[in-house]
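As structure tokens, the structure follows; a few thoughts come after it.
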Amino acid sequence: MCGIAGLFRPGGADDSALAGIVGRMTAALAHRGPDASGSWVSGRQGIALGQRRLAILDLSEAGAQPMHSACGRYTITFNGEIYNHLDLRAELEDAAAAPNWRGHSDTETLLAAIRQWGLVPALQRLIGMFAFALWDAETRQLILARDRFGEKPLFYGWSGADLVFGSELKALAAHPGWAPSLDRAALTDFMRYSYVPAPATIWRDVRKLPPASFVAFVADAGPGTSPTAQSYWSLRDTVVAAQGDRISGESEAIARLEQLLSTAVKRQCLSDVPLGAFLSGGVDSSTIVALMQAQASQPVRTFSIGFAEGGYNEAEDARKVAQHLGTDHTELYVDARTAMEVVPKLPRIYDEPFADSSQIPTHLVAQLARRHVTVALSGDAGDELFGGYNRHVWGSALQARLGRVPMPLRRAIGAALGAIAPEPADTLLNMLQPVLPARLRVRHAGDQVAKLARIVAADGFDGLYRTLCSIDQDPRATVVAGEERASWAASEMKQLRGQISLLDRMTLADSLSYLSDDILQKVDRAAMAVALETRVPFLDRDVVEFSTRVPASMKVRDGRGKWLVRQVLYRHVPADMIDRPKTGFSIPLDAWLRGPLKSWAGDLLSPARLKRQGLFAPTRVTRMFEEHLSRRHNHAYWLWNVLMAEAWYDEWGRAG
Numbered sequence: 000m001c002g003i004a005g006l007f008r009p010g011g012a013d014d015s016a017l018a019g020i021v022g023r024m025t026a027a028l029a030h031r032g033p034d035a036s037g038s039w040v041s042g043r044q045g046i047a048l049g050q051r052r053l054a055i056l057d058l059s060e061a062g063a064q065p066m067h068s069a070c071g072r073y074t075i076t077f078n079g080e081i082y083n084h085l086d087l088r089a090e091l092e093d094a095a096a097a098p099n100w101r102g103h104s105d106t107e108t109l110l111a112a113i114r115q116w117g118l119v120p121a122l123q124r125l126i127g128m129f130a131f132a133l134w135d136a137e138t139r140q141l142i143l144a145r146d147r148f149g150e151k152p153l154f155y156g157w158s159g160a161d162l163v164f165g166s167e168l169k170a171l172a173a174h175p176g177w178a179p180s181l182d183r184a185a186l187t188d189f190m191r192y193s194y195v196p197a198p199a200t201i202w203r204d205v206r207k208l209p210p211a212s213f214v215a216f217v218a219d220a221g222p223g224t225s226p227t228a229q230s231y232w233s234l235r236d237t238v239v240a241a242q243g244d245r246i247s248g249e250s251e252a253i254a255r256l257e258q259l260l261s262t263a264v265k266r267q268c269l270s271d272v273p274l275g276a277f278l279s280g281g282v283d284s285s286t287i288v289a290l291m292q293a294q295a296s297q298p299v300r301t302f303s304i305g306f307a308e309g310g311y312n313e314a315e316d317a318r319k320v321a322q323h324l325g326t327d328h329t330e331l332y333v334d335a336r337t338a339m340e341v342v343p344k345l346p347r348i349y350d351e352p353f354a355d356s357s358q359i360p361t362h363l364v365a366q367l368a369r370r371h372v373t374v375a376l377s378g379d380a381g382d383e384l385f386g387g388y389n390r391h392v393w394g395s396a397l398q399a400r401l402g403r404v405p406m407p408l409r410r411a412i413g414a415a416l417g418a419i420a421p422e423p424a425d426t427l428l429n430m431l432q433p434v435l436p437a438r439l440r441v442r443h444a445g446d447q448v449a450k451l452a453r454i455v456a457a458d459g460f461d462g463l464y465r466t467l468c469s470i471d472q473d474p475r476a477t478v479v480a481g482e483e484r485a486s487w488a489a490s491e492m493k494q495l496r497g498q499i500s501l502l503d504r505m506t507l508a509d510s511l512s513y514l515s516d517d518i519l520q521k522v523d524r525a526a527m528a529v530a531l532e533t534r535v536p537f538l539d540r541d542v543v544e545f546s547t548r549v550p551a552s553m554k555v556r557d558g559r560g561k562w563l564v565r566q567v568l569y570r571h572v573p574a575d576m577i578d579r580p581k582t583g584f585s586i587p588l589d590a591w592l593r594g595p596l597k598s599w600a601g602d603l604l605s606p607a608r609l610k611r612q613g614l615f616a617p618t619r620v621t622r623m624f625e626e627h628l629s630r631r632h633n634h635a636y637w638l639w640n641v642l643m644a645e646a647w648y649d650e651w652g653r654a655g
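Set out below in structure tokens:
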């Protein structure tokens, strides 16, 4: 895992000028790769590639980058890991198409694969996570490419006469001509979702490369040229094709998923440096750790974070699972003071507005793990692939029932529910918890009632899904001169052909945007800020493609999600150790904003400051903050969006 950066000046330039620029851009990513720095410049061709290296495989100089192909045609700067690169090497060797290998890095394998099979066939063979820039000296093209789910980030755009790219926006900002303008449509989308959906970034005309795609810039490209990204794989098409190829036998499905996940874990445990795993005690991370430990010859290193506040602490659950599996477990308890130490770092870590509040514990657990290991496996993506969110469990039945209720009546019911303050709901549900069946117990009941109010008034699948995923239901009223537009994921969903179930539609929509633009980016930035590589076995190509063939009845059953994953886990961990209400990796944000974070929040949300910054409507923000402080409503997540945007603007707004 590394940080990559570079620029392409189609008209050519002096070597030293390009070297100086790419050096500054690459230095901005030093946190991603503390082990080494490298660059390659060809002023005649107008190309400069740079990399900061975090050495994971082939720690020798043979793995250093940028790297040239044996034939001399290609030069690459690569970030990520290709887990099946040894299989690809064997395939190349069997075809007598392998070069004289200089080392055992996956980057060298990738160059040989592209030379032998071509770009698209090579990309389609890869199992891994990656983002790379490839210079083709024969065709004089710069090619940018990204993995199937966008585990590794890649940004690009024009800065004057230079096309610039990098693993993070801060690399682009290091270019001397960097002067972008704020994209208010992106800011509006951010207020709705807590992240900026691809391909947009917070800066106008600067893009995220969508997952499973590549884009090529040719030698005669003029400043501002924006070629269309091309897909080499489609999750949407995979889901549609699987409709006629469903798995029917439950025993077969359980055995097959365990086999595929075990293979994925084995692939992803390939490392020349110490390796461990995050463990929350939930279904997904427990499954990954169980399969790691089943293959390991010694205790796996596991790491978890705990909170003193009730309802948020998963450390005890994680400890029980760790003890049962026999891992070498390390935990850290976090209080508001510790969290407050992270908050000022967030705008620098994420470098565009990002407000998934679990960014705080994610960074802390990454920091904890990095003291002991260089690579950590996680349980991310299990929810999106196998139906783990509440909307997956209740969505189909809820839409069917709501469809029988006239819209005027639904709106009236929604308004009545929305008038209920969160505190009484929380108090009532806490009193009832001991007598409720386990599957009906919920945490943070006040938040759930508020969400239910919005759901009841939603119209159709698009309205329902949008409501479920929206933090701000009317972001154009929040953002000054706000506007909304369709994201890449929304365009993908509109191209959906054929009938698929509501559950499949929801998990597909989640995987296309929420997973790629929120979950994976949160983990990448939080971990790479401390030079920790994270890996996601659930996103192994074979596991993903298998998940599309699993019918809804094996994903959601008896009021619980991830039924099939649970059956695999039950082979390793007792059910009563796992079956409990889903918590999520969250923090007591509502209470902290009324307590230890109140003064900090008040400063950022002062009407005078909001008016001066010009991002958000001061009257609306002030009302929401006052309602939250008075406990009339819980606006914690909405306020966190505004706070993260304001803090980001303090750090980066001067660039625009």
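In this text, residue positions in the sequence shown follow numbering that gives the first Met the number 0: the first is 0, and each later residue adds one.
Quick reminder that beta carbons are idealized off the backbone N, C-alpha and C, glycines included.
>> Restricting to Cα atoms, I'd like to know which of Asp-105, Leu-168, Ser-247 is closest to Ile-81.
In response: As a first step, residue 81 must be located in the sequence shown, where it is residue number 82. Cα-wise, what sits closest to Ile-81 is Asp-105.
> Among residues of its own chain, excluding the 5 on either side of Arg-266, which ones have a beta-carbon nearer than 6 Å to its beta-carbon?
Replying inline: By 1-based counting over the sequence shown, the position of residue 266 is 267. These residues qualify, in order along the chain: Tyr-82.
> Whole alpha helix (DSSP H) runs in the stretch 206-291 with 4 or more residues, listed along the chain?
Replying inline: 234-241, 249-267
>> Please state the DSSP three-state secondary structure of Tyr-82.
In response: If you number the sequence shown from 1, residue 82 lands on position 83. Residue state, collapsed to three classes: coil.
> Out of curiosity, what's the CA-to-CA distance linking Ser-279 and Ser-303?
Replying inline: For this step, residue 279 is matched to residue 280 along the sequence shown. For this step, residue 303 is matched to residue 304 along the sequence shown. One Cα belongs to Ser-279, the other to Ser-303, and the distance between them is close to 6 Å.
> Under 9 Å between C-beta atoms, does Ala-89 make it to chain C?
Replying inline: In summary, chain C is missing from the structure at hand, where a single protein chain is found.
> How long is the line joining the alpha carbons of Val-567 and Asp-379, rounded to whole angstroms?
Replying inline: Taking the sequence shown and counting its residues from 1, the one referred to as residue 567 is at position 568. Taking the sequence shown and counting its residues from 1, the one referred to as residue 379 is at position 380. Computed Cα separation, rounded: 16 Å.
> With distances taken from CA atoms, which of Ser-212, Ser-230, Pro-536, Asp-204 is nearest Gly-223?
Replying inline: Translated into the one-based positions of the sequence shown, residue 223 becomes position 224. Of the candidates Ser-212, Ser-230, Pro-536, Asp-204, the residue whose Cα lies closest to the Cα of Gly-223 is Asp-204.
>> Using CA atoms only, rank isn't needed, just tell me which of Gly-22, Trp-39, Ile-46 is closest to Leu-6.
In response: Here residue 6 is taken as the residue at index 7 of the sequence shown, counted from 1. Closest option to Leu-6, Cα to Cα, is Ile-46.
> Given 8 Å as the limit, is there contact between the stretch 387-404 and the stretch 340-355, that is, 3 or more CB pairs closer than that?
Replying inline: no
> In three-state terms, what does DSSP make of Trp-134?
Replying inline: Against the sequence shown, residue 134 aligns to sequence position 135. The answer is strand: DSSP assigns Trp-134 an E or B state.
> For the stretch 65-131, which segments carrying the beta strand (DSSP E) assignment without a break, of at least 3 residues, lie completely within its bounds, in sequence order?
Replying inline: 73-81
>> Quick check on the DSSP output: the beta strand (DSSP E) that includes Ser-303 runs from which residue to which?
In response: Walking along the sequence shown from the start, residue 303 turns up at place 304. That run of the beta strand (DSSP E) goes 300-306.
>> To the nearest angstrom, how far is the alpha carbon of Ser-270 from that of Ala-508?
In response: Taking the first residue of the sequence shown as position 1, residue 270 is located at position 271. Taking the first residue of the sequence shown as position 1, residue 508 is located at position 509. Going by C-alpha positions, Ser-270 is about 33 Å away from Ala-508.
> Taking DSSP as the reference, what is the three-state secondary structure of Ser-510?
Replying inline: On the sequence shown, residue 510 is found 511 positions in, with the first residue counted as 1. Helix at Ser-510.
> With distances taken between CB atoms, is the gap from Glu-313 to Gly-325 smaller than 9 Å?
Replying inline: Position 314 of the sequence shown holds residue 313. Position 326 of the sequence shown holds residue 325. Not in contact: Glu-313 and Gly-325 (Cβ atoms no closer than 9 Å).
> If you count every other CB in all the chains shown that lies within 10 Å of the CB of Gly-2, and 16 or more means buried, which is it?
Replying inline: For the purposes of this step, residue 2 is taken as the residue at position 3 of the sequence shown. Counting Cβ neighbours within 10 Å, Gly-2 comes out buried, since at least 16 surround it.
> Does the Cβ of Pro-226 have 16 or more other Cβ atoms within 10 Å, making it buried, or fewer, making it exposed?
Replying inline: Taking the first residue of the sequence shown as position 1, residue 226 is located at position 227. Burial call: exposed.
>> Which same chain residues end up closer than 6 Å to Phe-131 when comparing Cβ atoms and leaving out the 5 residues on each side of it in sequence?
In response: On the sequence shown, position 132 is the one that residue 131 refers to. Closer than 6 Å at the Cβ level, and outside the excluded window around Phe-131, lie Ile-75, Phe-77, Ala-144.
>> Between Thr-237, Leu-109, Leu-162, which has its C-alpha nearest Leu-48's C-alpha?
In response: Taking the first residue of the sequence shown as 1, we reach residue 48 at position 49. It is Leu-162 whose Cα lies nearest to the Cα of Leu-48.
> To the nearest angstrom, how far is it from the Cα of Pro-587 to the Cα of Ser-285?
Replying inline: In the sequence shown, the residue the question calls residue 587 occupies position 588. In the sequence shown, the residue the question calls residue 285 occupies position 286. Distance between the alpha carbons of Pro-587 and Ser-285: 23 Å.
> Using a Cβ-Cβ cut-off of 8 Å (strictly less than) and excluding sequence neighbours within five positions of Pro-65, which residues of its own chain qualify?
Replying inline: Mapped onto the sequence shown, residue 65 falls at position 66. For Pro-65, where only same-chain residues beyond five positions count, the Cβ hits under 8 Å are Gly-37, Ser-38, Trp-39, Leu-48, Gly-49, Gln-50, Thr-74, Ile-75, Thr-76.
> From Pro-152 to Ile-142, what does the alpha carbon distance come to, in whole angstroms?
Replying inline: On the sequence shown, residue 152 is found 153 positions in, with the first residue counted as 1. On the sequence shown, residue 142 is found 143 positions in, with the first residue counted as 1. The alpha-carbon atoms of Pro-152 and Ile-142 are separated by roughly 15 Å.
>> Please report the distance separating the alpha-carbon of Ala-646 from that of Leu-603.
In response: For the purposes of this step, residue 646 is taken as the residue at position 647 of the sequence shown. For the purposes of this step, residue 603 is taken as the residue at position 604 of the sequence shown. Approximately 7 Å, taken between the alpha carbons.
>> Our contact map puts Thr-187 next to Glu-626 with C-beta atoms below 8 Å; I'd like the distance itself, whole angstroms only.
In response: Here residue 187 is taken as the residue at index 188 of the sequence shown, counted from 1. Here residue 626 is taken as the residue at index 627 of the sequence shown, counted from 1. Thr-187 to Glu-626, Cβ: 22 Å. No contact.
>> Taking only three categories from DSSP, how would you classify Leu-376?
In response: Start at 1 with the first residue of the sequence shown, and residue 376 comes out as number 377. DSSP places Leu-376 in strand when its eight states are reduced to three.
>> On the criterion of 16 or more Cβ atoms from any shown chain inside 10 Å, does Arg-565 qualify as buried, or is it exposed?
In response: Mapped onto the sequence shown, residue 565 falls at position 566. So Arg-565 ends up on the buried side.
>> Per the DSSP calculation, Leu-143 is bridged to which residue(s)?
In response: Walking along the sequence shown from the start, residue 143 turns up at place 144. DSSP output for Leu-143 lists Ala-132, Val-214 as bridge partner(s).
> Since Val-238 and Ile-499 are thought to touch, with beta carbons under 8 Å apart, how far apart are those beta carbons, to the nearest angstrom?
Replying inline: Indexing the sequence shown from 1 puts residue 238 at position 239. Indexing the sequence shown from 1 puts residue 499 at position 500. Indeed, because the Cβ distance is near 6 Å, the residues count as touching under 8 Å.
>> Can you tell me whether Ile-348 is helix, strand or coil according to DSSP?
In response: Sequence index remark: in the sequence shown, residue 348 carries index 349 (1-based). Ile-348: helix per DSSP, three-state reduction.
> Thinking just about the alpha-carbon of each residue, which of Val-282, Ser-247, Ala-338, Arg-31 is nearest to the one in Pro-573?
Replying inline: Stepping through the sequence shown from its first residue, residue 573 is reached at position 574. If we check each option's Cα against that of Pro-573, Val-282 comes out closest.
>> DSSP three-state label for Asn-388, please.
In response: Taking the sequence shown and counting its residues from 1, one reaches residue 388 at position 389. Sequence inspection shows Tyr at residue 388; the Asn mentioned does not correspond to that position. Tyr-388: coil per DSSP, three-state reduction.
> For Tyr-332, does the count of other Cβ atoms within 10 angstroms reach 16, so buried, or fall short, so exposed?
Replying inline: Reading the sequence shown from its first residue, position 333 is the one you call residue 332. Exposed: under 16 other Cβ atoms inside 10 Å.
> Could you give the C-beta distance for His-371 and Thr-329, rounded to a whole number, given that I count them as a contact under 8 Å?
Replying inline: Position 372 of the sequence shown holds residue 371. Position 330 of the sequence shown holds residue 329. Contact holds; Cβ gap of about 7 Å.
> Could you check where the beta strand (DSSP E) with Glu-645 kicks off and where it finishes?
Replying inline: Sequence index remark: in the sequence shown, residue 645 carries index 646 (1-based). No beta strand (DSSP E) contains Glu-645, which is instead part of the alpha helix (DSSP H) from 635-651.
>> Taking DSSP's pairing of strands, which residues face Glu-330 in a bridge?
In response: In the sequence shown, residue 330 corresponds to position 331, counting from 1. Beta-bridge pairing by DSSP links Glu-330 to Ser-303.
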